[in-house]
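Peer 1:
There are 2 protein chains.
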Amino acid sequence: MSRIEAPRSEDTAATGTLVDLLLGGLPAEAVLTDPDVTASYANDMASFCPAGTPAVVVLPRTVEQVQHVMRTATALRVPVVPQGARTGLSGAANASEGCIVLSLTKMDRILEINPVDRIAVAEPGVINAVLSRAVGEHGLYYPPDPSSWEMCTIGGNIGTASGGLCCVKYGVTAEYVLGLDVVLADGRLMSTGRRTAKGVAGYDLTRLFVGSEGSLGIVVRAVLGLRPKPPEQLVLAAEFASAAAACDAVCRIMEGGHVPSLLELMDRTTVKAVNDMAQMDLPESTEALLLAAFDTTAPAADLAAVGALCEAAGATQVVPADDAAESELLLQARRLSLTALEAVKGVTMIDDVCVPRSRLAEMLEGVDRIAEKYRLTIGVVAHAGDGNTHPTVCFDPADPDESRRARESFDEIMALGLELGGTITGEHGVGVLKKEWLAREIGPVGMEMQRAVKQAFDPLNILNPGKLF
Amino acid sequence: MSRIEAPRSEDTAATGTLVDLLLGGLPAEAVLTDPDVTASYANDMASFCPAGTPAVVVLPRTVEQVQHVMRTATALRVPVVPQGARTGLSGAANASEGCIVLSLTKMDRILEINPVDRIAVAEPGVINAVLSRAVGEHGLYYPPDPSSWEMCTIGGNIGTASGGLCCVKYGVTAEYVLGLDVVLADGRLMSTGRRTAKGVAGYDLTRLFVGSEGSLGIVVRAVLGLRPKPPEQLVLAAEFASAAAACDAVCRIMEGGHVPSLLELMDRTTVKAVNDMAQMDLPESTEALLLAAFDTTAPAADLAAVGALCEAAGATQVVPADDAAESELLLQARRLSLTALEAVKGVTMIDDVCVPRSRLAEMLEGVDRIAEKYRLTIGVVAHAGDGNTHPTVCFDPADPDESRRARESFDEIMALGLELGGTITGEHGVGVLKKEWLAREIGPVGMEMQRAVKQAFDPLNILNPGKLF
Chain L
0 MSRIEAPRSE
10 DTAATGTLVD
20 LLLGGLPAEA
30 VLTDPDVTAS
40 YANDMASFCP
50 AGTPAVVVLP
60 RTVEQVQHVM
70 RTATALRVPV
80 VPQGARTGLS
90 GAANASEGCI
100 VLSLTKMDRI
110 LEINPVDRIA
120 VAEPGVINAV
130 LSRAVGEHGL
140 YYPPDPSSWE
150 MCTIGGNIGT
160 ASGGLCCVKY
170 GVTAEYVLGL
180 DVVLADGRLM
190 STGRRTAKGV
200 AGYDLTRLFV
210 GSEGSLGIVV
220 RAVLGLRPKP
230 PEQLVLAAEF
240 ASAAAACDAV
250 CRIMEGGHVP
260 SLLELMDRTT
270 VKAVNDMAQM
280 DLPESTEALL
290 LAAFDTTAPA
300 ADLAAVGALC
310 EAAGATQVVP
320 ADDAAESELL
330 LQARRLSLTA
340 LEAVKGVTMI
350 DDVCVPRSRL
360 AEMLEGVDRI
370 AEKYRLTIGV
380 VAHAGDGNTH
390 PTVCFDPADP
400 DESRRARESF
410 DEIMALGLEL
420 GGTITGEHGV
430 GVLKKEWLAR
440 EIGPVGMEMQ
450 RAVKQAFDPL
460 NILNPGKLF
Chain A
0 MSRIEAPRSE
10 DTAATGTLVD
20 LLLGGLPAEA
30 VLTDPDVTAS
40 YANDMASFCP
50 AGTPAVVVLP
60 RTVEQVQHVM
70 RTATALRVPV
80 VPQGARTGLS
90 GAANASEGCI
100 VLSLTKMDRI
110 LEINPVDRIA
120 VAEPGVINAV
130 LSRAVGEHGL
140 YYPPDPSSWE
150 MCTIGGNIGT
160 ASGGLCCVKY
170 GVTAEYVLGL
180 DVVLADGRLM
190 STGRRTAKGV
200 AGYDLTRLFV
210 GSEGSLGIVV
220 RAVLGLRPKP
230 PEQLVLAAEF
240 ASAAAACDAV
250 CRIMEGGHVP
260 SLLELMDRTT
270 VKAVNDMAQM
280 DLPESTEALL
290 LAAFDTTAPA
300 ADLAAVGALC
310 EAAGATQVVP
320 ADDAAESELL
330 LQARRLSLTA
340 LEAVKGVTMI
350 DDVCVPRSRL
360 AEMLEGVDRI
370 AEKYRLTIGV
380 VAHAGDGNTH
390 PTVCFDPADP
400 DESRRARESF
410 DEIMALGLEL
420 GGTITGEHGV
430 GVLKKEWLAR
440 EIGPVGMEMQ
450 RAVKQAFDPL
460 NILNPGKLF
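As you go down the protein sequences, you meet chains L and A in turn.
With numbering that gives the first Met the number 0, letter number 106 in the first sequence gets 105, and the count goes up by one each step, no holes.
With numbering that gives the first Met the number 0, letter number 276 in the second sequence gets 275, and the count goes up by one each step, no holes.
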């Protein structure tokens, strides 16, 4: 693959040409060059991942403007880093040195909501929560709900194939993307997919773009599948005296054919962190807290059945909610988890290893061993129903030795995930954070074909170079 | 893309070399060369599509044997046509002249069924019904149910991204393929995807192979997602005095937030054909018959709600089943539809146009107009809940003028589908039958990128050449 020599930001002449050319197709207010401003676009939430300084930040409002940006980038061989709300956790939206940051946040119109066809058509800058509420007014439901849903954009969700709490029942973003309009590296516009419920005309390029972290093209419009809004969910909390028992309950629930709308696990470390921060009065003896929810027509019956399975697996206490308010209360501990873990040491590195759910207990035991080995606090929050764990390494970045141990433990957690038949990333993506690990997961032949696909779409390697590979 | 000159089957010397090389890695009984036998592998069910004569048919039983076949094919530049049960309807499995037919039917082992992880691992030659029944014994459900499910293979289902009656609730084959082992054109083995519930490591190559009609690689193993087995479904039949009223009912049902497990429509022509063949005593006044089913925990309540919507849309009669036996009886007319339409003239050409369900009425009216214009019998069976119509053109192949009109009407139906915002194929694929139409649907930029993907995986163009493009 050809390597691009990016113009250095010091290279004022080159940047001047770049900006002049961009201004040929963009209004002045859509082209930001003040270094203090552009520097603020350097990072997503993976602040410890390396990032360069953008040469310029552009904020197009139309497809034509995006095409102009890509034509300019191709002409000058300047790398382009597409960005949404920069809430990603893998550095996929981090700037590379001298790049054009292409922020899609101003393309934020919902173009259509169709309750008969159960689709929405949206621009990439629409915020997840805005779309979710808008479709909700039509009795519809857009399930993908990453933790950052109040801030993150649909385009970012598509770029990172993001998940959330709902995935155990409703799957990930990928399953809701029916068709895309994409501006290619050279500025041409391509439509993929469909607005119908089914369609198999040619290769599924739509799905190829989902999770491609802006490395194959710029999504400028998406046709999204919707579902009818389900009834409000009812939540059950179950406390266990061991993580293994909680994982056993997860297996029994899934093997028993239940379809929870949420099945989350917090380990001892996380429970303690939440207690310390928010005085939630969760019992100190709790080694694992399991939260299950059902959004069925008879959720109380489902909770009763699942509660019995939890007890059979050794739950020390089972608390089913009676109504939505109680449910919300039970979920609060889960919602506070990451903030509470952050408070332990100031900084966290959130891993995202997904294992077959039958191996979840081994994963949690392994993380405990790793925490002990590296003398670190590592809390685990898990989308347990999916086997998707977020081992969260707490460390003080001012302490170089602890930082090194944090990084090493983070890697050892991924190695463990692979050993258990899992993946290094269930929903956060590869970005910069895990690019050395991608090859370990998919092997040399897979890597070669991944690169061949990249080469087919971006022969000049100007689209988010240095990410994924 | 490079064009391959296939060795002609008359070219005995070349075929001799090919067979000798194949026998270097395959047992004698896995290499068929008797022309009478190999000729029987020339076609799938699209018998009117052109097909060549295979030079040889191979029936490998192991991954290594498939790798040997592909290495041989690459060395000699011989095209390879992968086949399952040859029940496809688009000619995607039709032999090309002088090709190796690579039949995967002997790789038919179910390698694993895991109720906790809700996955099955299967070889490509496993028959859909065999897998469905096997997972059913574990309380699990593999939804994809093409009409040919008693004969068709999982590998064929993956290659064509096939659908079925269940799709309105459970989606198509693509949604159940989590990971693949694929033998590439040059014989190397690649693993894609995962066996976990989620995973976003790198580009989604798994999904790229689904529906690729054997043109990118040979699927030799699949990890399939499963669901818990739902309760048995209960069926309702509703008769309408116009197709438009039946389509209106479909829209009301979907807009109303209902999630039927089946929502099928038969038009007047189909109802008449079934009556003529099977004396089903469906009222002659029926202009459209709608069948809806629910596999929920309280299906009678769902049927009542949907029945009321049908009546509001003008249904002349609504018949809800009381039990599984009655449900089966109501479904019989649907099951007999294609056989009954075949009986009209001896041969049918089954189209597969999918439109947004809000445009279903226009599609049906349009097909009526086209049937009249071309003086043909065209019956429509539709997966109405998905907007996926199967206008079935009845014609006598011995009548050249009628055959010409059949072909023209078939094309006009696709044009109408595109005009209504639909796709030329909802679930049958492109194959040979619709390859001239693919470009019309996806446009020149899309075609170029489709070809670039093909080029990346199959630079010598030996994998099912002449299909799709």
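Each residue gets a CB set at the ideal place from its N, CA and C atoms; glycine is no exception.
If you pair each beta-carbon of the stretch 397-412 of chain L with each one of the stretch 172-186 of chain L, do three or more pairs fall below 8 Å?
Peer 2: Contact fails: fewer than three Cβ-Cβ distances are below 8 Å.
Peer 1: Mind listing the chain A neighbours of residue 429(L)? Cutoff is C-beta to C-beta under 8 Å, in chain order.
Peer 2: Correct list: 199, 200 and 201.
Peer 1: Can you give me the Cβ contacts of residue 120(A) inside the same chain, cut-off strictly under 6 Å, excluding the 5 residues immediately before and after it?
Peer 2: Taken in chain order, the residues that qualify are 110, 111 and 222.
Peer 1: Count the other C-beta atoms from every protein chain shown that fall within 10 angstroms of the C-beta of residue 1(A), then say buried if there are 16 or more, exposed otherwise.
Peer 2: Here residue 1(A) scores only 38 on pLDDT, less than 50, and its place in the model is too uncertain to base an answer on.
Peer 1: Would you kindly work out how many angstroms separate the C-alpha atoms of residue 103(A) and residue 391(A), rounded to a whole number?
Peer 2: One C-alpha to the other measures close to 30 Å.
Peer 1: Below 8 Å on C-beta distance, what does residue 117(A) contact in chain L?
Peer 2: Residues of chain L passing the Cβ test: 253.
Peer 1: Sorted by chain position, which residues of the same chain lie with C-beta nearer than 7 Å to residue 330(L)'s C-beta, five sequence neighbours on each side aside?
Peer 2: 234 and 290, listed in sequence order.
Peer 1: Contact criterion: CB-CB distance below 8 Å. Does residue 7(A) meet it with respect to chain L?
Peer 2: In this predicted model, residue 7(A) has a pLDDT of only 49, less than 50, meaning its place in the structure is not dependable enough to derive any value.
Peer 1: How many Å lie between residue 29(A) and residue 57(A) at the Cα?
Peer 2: So the two alpha carbons sit approximately 5 Å from each other.
Peer 1: How big is the Cα-Cα spacing for residue 327(A) and residue 334(A)?
Peer 2: So the two alpha carbons sit approximately 10 Å from each other.
Peer 1: Please name the residue in 77(A), 71(A), 354(A) and 101(A) whose C-alpha comes closest to that of residue 84(A).
Peer 2: For the residues 77(A), 71(A), 354(A) and 101(A), the minimum Cα distance to residue 84(A) belongs to 101(A).
Peer 1: Kindly list, in the order they appear in chain L, the residues whose Cβ is closer than 9 Å to that of residue 364(A).
Peer 2: Going along chain L, no residue has its Cβ under 9 Å from residue 364(A), so there is no contact; the nearest lies around 17 Å.
Peer 1: Should residue 259(A) go down as buried or exposed, given a rule of 16 or more other Cβ atoms within 10 Å for buried?
Peer 2: Buried: at least 16 other Cβ atoms inside 10 Å.
Peer 1: Do you know whose CA, among 263(L), 279(L), 254(L) and 139(L), lies nearest residue 224(L)'s CA?
Peer 2: Of the listed residues, the one whose Cα sits closest to residue 224(L) is 139(L).
Peer 1: Can the beta-carbon of residue 412(L) be found less than 8 Å from the beta-carbon of residue 366(L)?
Peer 2: Yes, the pair counts as a contact, with Cβ atoms nearer than the cut-off.
Peer 1: Taking Cβ-Cβ distances shorter than 9 Å, what residues in chain L pair up with residue 258(A)?
Peer 2: Correct list: 226 and 227.
Peer 1: Would you call the CB atoms of residue 195(A) and residue 354(L) closer than 8 Å?
Peer 2: In contact: residue 195(A) and residue 354(L) (Cβ atoms closer than 8 Å).
Peer 1: Relative to the C-alpha of residue 352(L), which residue among 67(L), 345(L) and 363(L) is closest?
Peer 2: Among 67(L), 345(L) and 363(L), the Cα nearest to that of residue 352(L) belongs to 363(L).
Peer 1: I need the straight-line Cα distance from residue 253(A) to residue 116(L), nearest angstrom please.
Peer 2: Computed Cα separation, rounded: 8 Å.
Peer 1: Does the distance from the CB of residue 41(L) to the CB of residue 32(L) come in under 8 Å?
Peer 2: Contact: no.
Peer 1: What in chain L is Cβ-close to residue 313(A), meaning under 8 Å?
Peer 2: Going along chain L, no residue has its Cβ under 8 Å from residue 313(A), so there is no contact; the nearest lies around 17 Å.
Peer 1: Would you give the residue range spanned by the beta strand (DSSP E) that residue 376(A) belongs to?
Peer 2: From DSSP, the beta strand (DSSP E) with residue 376(A) extends over 376-382.
Peer 1: If we call anything under 8 Å between Cβ atoms a contact, is residue 211(A) one with residue 158(A)?
Peer 2: Going by C-beta atoms, residue 211(A) is nearer than 8 Å to residue 158(A).
Peer 1: For residue 49(A), I'd like the list of residues in its chain whose CB is within less than 8 Å of its CB, leaving aside the five on either flank, ordered along the chain.
Peer 2: Only 90, 93 and 431 meet the Cβ criterion.
Peer 1: Spatial neighbours of residue 270(L) within its chain, please: C-beta separation below 7 Å, excluding the five flanking residues on both sides.
Peer 2: Hits under 7 Å: 281, 285 and 288.
Peer 1: I want to see whether chain L comes within less than 8 Å of residue 348(A), judged by CB atoms only; does it?
Peer 2: By this cut-off, residue 348(A) is not an interface position.
Peer 1: Does any C-beta atom of chain L lie closer than 8 Å to the C-beta of residue 409(A)?
Peer 2: Taking Cβ atoms only, chain L never reaches closer than 8 Å to residue 409(A), which makes this a no.
Peer 1: Strictly below 7 Å CB to CB, what residues from chain L border residue 423(A)?
Peer 2: 200, listed in chain order.
Peer 1: Report the residue ranges of all alpha helix (DSSP H) runs contained in full by the stretch 306-335 of chain A; include only those spanning at least 4 residues, in chain order.
Peer 2: Counting whole runs of 4 or more residues, the stretch 306-335 of chain A contains no alpha helix (DSSP H) stretch at all.
Peer 1: Output the boundary residues of the alpha helix (DSSP H) element that contains residue 67(L).
Peer 2: Residues 62-75.
Peer 1: List, in order along the chain, the chain A residues whose C-beta lies closer than 8 Å to that of residue 333(L)?
Peer 2: Per Cβ cutoff of 8 Å: no residues; residue 333(L) is ~18 Å from chain A at best.
Peer 1: Give me the Cα-Cα distance between residue 444(A) and residue 460(L), rounded to the nearest whole angstrom.
Peer 2: Using only the alpha carbons, I get a separation of about 19 Å.
Peer 1: Tell me the DSSP secondary structure of residue 449(A) in three-state form.
Peer 2: Residue state, collapsed to three classes: helix.
Peer 1: Any Cβ of chain L within less than 8 Å of the Cβ of residue 135(A)?
Peer 2: No, no contact with chain L.
Peer 1: Measure from the C-beta of residue 32(L) to each C-beta in chain A and report whether the shortest distance is under 8 Å.
Peer 2: Not closer than 8 Å to any Cβ of chain A, the Cβ of residue 32(L) fails to qualify, so no.
Peer 1: Going along the chain, which residues of the stretch 64-97 of chain A sit with their C-beta nearer than 9 Å to a C-beta in chain L?
Peer 2: From the stretch 64-97 of chain A, no residue has a Cβ closer than 9 Å to chain L.
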